[in-house]
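Asks:
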Amino acid sequence: MTVTRRYKFAASHRLHAARFSESENFELYGKCNNPHGHGHDYLLEVSVSGPLDAKSGQVVNVAALDRLVAKQVIEDFDSRYLNMDVREFQSVIPTSENILGVIEDRLQAGWRATFPAGPRLASIRLRETRRNLFELKAS
Amino acid sequence: MLITRKAEFSASHVCAQASLTPEQNREIYGAAANPNGHGHNYVLEVTLAGDPDPVTGMVFDLKQLKEIIQKSVVEPMDHRFLNYEVPPFDKVVPTAENVAVEIWNRLRPAFDGSRAQLHNVRLYETEELYVDYAGDRP
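For the protein sequence lines, the chains are A and B, in the order given.
To convert, take the position in the first sequence, counting from 1, and add 14; that gives the working numbering.
To convert, take the position in the second sequence, counting from 1, and add 197; that gives the working numbering.
1. Does R20(A) come within less than 8 Å of chain B when only Cβ atoms are used?
2. Give the DSSP-derived three-state secondary structure of E142(A) in the structure shown.
3. Does Q221(B) have its Cβ less than 8 Å from a Cβ in chain A?
4. Could you have a look at A93(A) and say whether DSSP puts it in helix, strand or coil?
5. Cutting at 8 Å between CB atoms, please list the residues of its own chain near L96(A), excluding the five before and the five after it.
6. Which value, in whole angstroms, describes the spacing of the CA atoms of R312(B) and P232(B)?
7. Does any CB atom of chain B fall closer than 8 Å to the CB of S70(A)?
8. Quick one: using the 10 Å Cβ neighbour count with 16 as the cut-off for buried, is E118(A) buried or exposed?
9. Would a check of beta-carbon distances place T128(A) closer than 8 Å to chain B?
10. Check whether the Cβ of V83(A) lies closer than 8 Å to any Cβ atom in chain B.
11. Inspect the beta-carbon positions of Q314(B) and L259(B) and report whether they are closer than 8 Å.
12. May I ask you to report which of helix, strand or coil DSSP gives S105(A)?
13. With a 10 Å radius around its C-beta and 16 neighbouring C-beta atoms as the bar for buried, classify E322(B) as buried or exposed.
14. May I have the straight-line CA-CA distance separating Y62(A) from H276(B), to the nearest angstrom?
15. For Y327(B), would you say it is in contact with chain A, using Cβ-to-Cβ distances shorter than 8 Å as the test?
16. In chain B, which residues lie with their C-beta within 8 Å of the C-beta of L66(A)?
17. Can you give me the Cβ contacts of R120(A) inside the same chain, cut-off strictly under 7 Å, excluding the 5 residues immediately before and after it?
18. Within 10 angstroms of its Cβ, does P335(B) collect 16 or more other Cβ (buried), or is it exposed?
19. Can you name, in chain order, every residue of its own chain whose Cβ lies under 8 Å from the Cβ of D234(B), other than the five neighbours on each side?
Here you go:
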């Protein structure tokens with residue numbers, strides 16, 4: 015059984031690859047290359063899979079999941095400029111694909127301590143705008 | 198091919214185990230353990246899988262599906278206090294997970310012998326929390 019929880023964070027970013035020239039970057043990323051950055055209200059979905067515990071009737075303790083996601087992701091990402099304020103994006107371009115990769119690493123880093131015998135991270139989805147949705151199956 | 202029909206119902210519940218103290222229940226269920234209960238506008242998505250009938254062009258008659266959901270789920274659960282009025286929630290904690298399993302169990306027999314099979318039940322307890330249940334298959 016899979017339980018999915020939705021979270022929100024608002025953040026700005028700029029897509030710019032250091033190896034390309036200014037005109038190549040503009041060609042590649044368009045408006046997302048604007049030198050001063052721009053922001054989104056990101057919607058993050060975290061899906062957790064596991065057996066249903068017969069006693070509690072739960073697959074996952076949602077409060078514990080909320081605390082983990084808040085600590086590992088939301089507190090560092092919300093109301094920040096990702097390129098400058100979040101360690102990983104000083105060297106990784108904060109495309110939605112890369113943001114999902116970083117979020118997975120951050121969640122997996124705290125997973126075992128939060129859910130020692132518990133459910134597994136199944137997938138995460140990031141909605142950058144209402145027209146862009148990215149999905150990553152957890153490894 | 199998959200087809201999905203949506204339904205909504207509003208119900209109240211308390212999530213607590215009788216064998217635990219109020220503090221232990223609060224640890225497991227948070228505010229949902231409040232003894233007097235609280236409610237949600239549940240949103241249900243029922244997904245069937247099957248091949249379209251070559252004559253009708255339909256996997257399943259959606260009017261019929263709507264009636265099945267209405268009769269098996271919405272009528273018994275809408276505007277009810279699940280713990281007091283909808284078995285087995287007098288004995289089983291009505292978490293979103295358990296409500297999804299119960300909905301699956303109520304719907305599944307309707308598709309015995311049908312060309313369409315019940316594929317997935319998705320139950321939104323709130324816009325921020327939903328459960329997917331596809332039966333006992335892993």
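The C-beta atom is built at its ideal place from N, Cα and C for all residues, glycine as well.
Note that the structure is a prediction, hence the values are computed from the model and not measured.
Replies: The answer reads as follows:
1. Taking Cβ atoms only, chain B reaches closer than 8 Å to R20(A), which makes this a yes.
2. Here DSSP, grouped into helix, strand and coil, assigns E142(A) to strand.
3. Contact with chain A is absent for Q221(B), since none of that chain's Cβ atoms lies less than 8 Å from the residue's Cβ.
4. For clarity, residue 93(A) is Ser in the given sequence; the question names Ala instead. Here S93(A) sits in coil by DSSP.
5. Excluding the 5 residues flanking it on each side, L96(A) has same chain C-beta neighbours closer than 8 Å at A25, S26, H27, F103, P108, I113, in chain order.
6. Rounded to whole angstroms, R312(B) and P232(B) show a C-alpha spacing of 44 Å.
7. The Cβ of S70(A) sits closer than 8 Å to at least one Cβ of chain B.
8. Classification of E118(A): buried, given that the 10 Å Cβ count is 16 or more.
9. Output row for T128(A): interface = no.
10. Output row for V83(A): interface = no.
11. It is not a contact, given that the beta carbons lie outside the stated cut-off.
12. Looking at S105(A) - three-state DSSP - the assignment turns out to be coil, as it is neither helix nor strand.
13. That one is buried.
14. The sequence shown places Val at residue 62(A), rather than the Tyr named in the question. Each residue's alpha carbon lies about 30 Å from the other.
15. Contact with chain A is found for Y327(B), since one of that chain's Cβ atoms lies less than 8 Å from the residue's Cβ.
16. Taking a Cβ-Cβ threshold of 8 Å, the residues of chain B close to L66(A) are E294, N295, V298, in chain order.
17. The residues are Q86, V87.
18. Because P335(B) carries a pLDDT of 49, less than 50, the predicted location of this residue cannot be relied on, and the following value inherits that uncertainty. P335(B) is exposed by the Cβ-count criterion.
19. Sequence inspection shows Gly at residue 234(B); the Asp mentioned does not correspond to that position. Within the same chain, Cβ atoms closer than 8 Å to the Cβ of G234(B) are found at S209, H210, V211, F278, N280, the five residues on either side in sequence being excluded.
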